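Take any residue in the sequence shown, count from 1 to its spot, add 762: that is its number in the working numbering. Idealized CB from N, CA, C, for every residue including glycine. The structure displayed is predicted, hence computed values, not measured ones. Data first, discussion second: the structure below is written as structure tokens.
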Amino acid sequence: MSLSERFITPECFPDNVVAYTSTRCSGVSGKATVESNALVNSIAQENDSGNDYVGFNIGAHVGDDIKNVSDNRARLPCSDKITWLEQVHGETVVTLPASSIVADASFSSNAAHFCAVMTADCVPVLLSDRRGKEVSAIHAGWKGLEANIIANAVAHFSSKPSQLVAWVGPAICGECYEVDASLADKFSHYKNSVKQKKETGKYLLNLPNIANLQLARLGIQHITQSNLCTYCQNDLFYSHRKATHDNYGATGRIVSVIGFR
Ligand SMILES: [Zn+2]
């Protein structure tokens, strides 16, 4: 994995596959200067509102200035080939080109159509086969993980799972994602994915680990974890949970993209 100012590039995929995850570095949202960031922060603290878009927000559905989002999206590699999904925390996977884009994962074997998912704490998973003929991008929050969206995406590949390569991108980590007992209970059968905080009795859920276990159970052997946390590294990524804790009304999104050279 390599990190440029603006993009994280997984190195696990075949040479003919293009894959990257954006960060919040650079970009034009919120007029990304130290001064404006401080101003937005002070407004947020005074009004218990404000928005945390500052940087390279590519989410067009989060209330950010659409001109800024368009400008940011235009800076993405191969931006003209990206299909933007309308994500609903569901289990649907669409094959590109698709007539409906209401889905939380896409699959492509067509060089003209790149897969992409937007996230701000949920787990982005990118997949390709070892030959680089088929690719998929998956938005896996707890709802998607519970609904087996990863398995649904893997089922689209003609290759066997043992011939697939997976990358688990930046997401909220198992030390940062506090949940209530009922949510923790849904995933208690996943090894090392739920723990209870002694001090508060609250639970911590490790979404990237659950994604990893699901991929492994499906028979995928080549799995690379980014080990990057959107909450811990809020200077690099947008985090919905961090924005909520900081009393922001909304935050931006990063995007994870996969396609063909
Ligand atoms: Zn963290």
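Report task. Take the Cβ of Gly-963 as the centre, count every other Cβ of all protein chains shown within 10 Å, and call the residue buried at 16 or more, exposed below. Result -> To locate residue 963, count along the sequence shown from 1; it is residue 201. So Gly-963 counts as exposed.
**Report entry** Heavy atom of ligand 1 within 7 Å of Cys-935 beta-carbon
**Finding:** Start at 1 with the first residue of the sequence shown, and residue 935 comes out as number 173. Cys-935: yes, Cβ under 7 Å from ligand 1.
Query raised in the report: Going straight from the alpha carbon of Pro-923 to that of Leu-980, what length do you get?
Result: Your numbering for residue 923 matches position 161 in the sequence shown. Your numbering for residue 980 matches position 218 in the sequence shown. Roughly 7 Å separates the two Cα atoms.
Query raised in the report: If you drop the 5 nearest sequence neighbours on each side, which residues of the same chain put their C-beta closer than 7 Å to that of His-851?
Result: As a position in the sequence shown, residue 851 is number 89, starting the count at 1. So the qualifying residues of the chain are Asp-866, Gly-903, Lys-905 and Gly-906.
**Report entry** Cut-off 8 Å between Cβ atoms - residues of its own chain near Glu-808, not counting five sequence neighbours on either side
**Finding:** Here residue 808 refers to the residue found at position 46 of the sequence shown. Low local confidence applies: a pLDDT of 45 at Glu-808 is under 50, so the model's placement there is unreliable, and no value is given.
Requested in this report: Can you give me the Cβ contacts of Asp-833 inside the same chain, cut-off strictly under 6 Å, excluding the 5 residues immediately before and after it?
Outcome: Stepping through the sequence shown from its first residue, residue 833 is reached at position 71. Cβ within range, chain order: Val-790.
Query raised in the report: If you compare alpha carbons, which of Thr-1013, Pro-932, Ala-781 and Asp-777 is closest to Asn-1051?
Result: As displayed, the chain neither begins before 763 nor continues past 1023, which places residue 1051 out of reach and without an answer.
Report task. Taking only runs that begin and end inside the stretch 880 to 945, name each unbroken beta strand (DSSP E) of 3 or more residues, in chain order. Result -> 885 to 891, 897 to 902 and 926 to 930
Requested in this report: Measure the alpha-carbon distance for Tyr-815 versus Val-1017 and round it to whole angstroms.
Outcome: The residue given as residue 815 occupies position 53 in the sequence shown. The residue given as residue 1017 occupies position 255 in the sequence shown. Approximately 14 Å between the Cα atoms of the pair.
**Report entry** Segment contact flag, the stretch 991 to 1000 with the stretch 951 to 967, C-beta cutoff 8 Å, min 3 pairs
**Finding:** no
Query raised in the report: So what's Lys-960 in DSSP terms, helix, strand or just coil?
Result: Start at 1 with the first residue of the sequence shown, and residue 960 comes out as number 198. Reduced to three states, the DSSP call for Lys-960 is coil.
Query raised in the report: From this set, Asn-954, Ser-988 and Val-941, which residue's C-alpha is nearest Leu-975's C-alpha?
Result: Numbered from 1 along the sequence shown, position 213 holds the residue referred to as residue 975. Per the Cα distances, Asn-954.
Report task. Report the residue from Phe-869, Cys-877 and Val-855 whose alpha carbon sits nearest the alpha carbon of Asn-910. Result -> Numbered from 1 along the sequence shown, position 148 holds the residue referred to as residue 910. Selected option, being the one with the closest Cα: Val-855.
Query raised in the report: By the 10 Å Cβ neighbour count, where 16 or more other Cβ atoms means buried, how is Glu-937 classified, buried or exposed?
Result: As a first step, residue 937 is located in the sequence shown; it is residue number 175 there, counting from the start. So Glu-937 ends up on the exposed side.
Query raised in the report: Just to confirm, does Cys-884 get its C-beta within under 7 Å of one of the non-hydrogen atoms of ligand 1?
Result: Locating residue 884 in the sequence shown gives position 122, where the first residue counts as 1. Checking every heavy atom of ligand 1 against the Cβ of Cys-884, none is found closer than 7 Å.
Requested in this report: Put Thr-785 into one of helix, strand or coil per three-state DSSP.
Outcome: Taking the first residue of the sequence shown as position 1, residue 785 is located at position 23. Note: Thr-785 maps to coil in three-state DSSP.
Query - For Asp-814, the three-state DSSP class (helix, strand or coil) - result: Along the sequence shown, one-based indexing puts residue 814 at 52. Asp-814: strand per DSSP, three-state reduction.
Query raised in the report: Run through DSSP, which three-state label would Ser-861 get?
Result: The residue given as residue 861 occupies position 99 in the sequence shown. Coil, per DSSP.
Query raised in the report: Thr-795: buried (16+ other C-beta within 10 angstroms of its C-beta) or exposed?
Result: What you label residue 795 is simply residue 33 of the sequence shown in a count that begins at 1. Reliability fails at Thr-795, whose pLDDT of 37 lies under 50, so the model's placement of it is uncertain and no value is given.
Query raised in the report: How about Tyr-993: is its Cβ closer than 7 Å to a heavy atom in ligand 1?
Result: The residue given as residue 993 occupies position 231 in the sequence shown. It does: the Cβ of Tyr-993 is within 7 Å (strictly closer) of some heavy atom of ligand 1.
Query - Span of the alpha helix (DSSP H) around Ile-828 - result: Working through the sequence shown from its first residue, we reach residue 828 at position 66. Taken as a continuous stretch (DSSP letters only), the alpha helix (DSSP H) holding Ile-828 covers 828 to 836.
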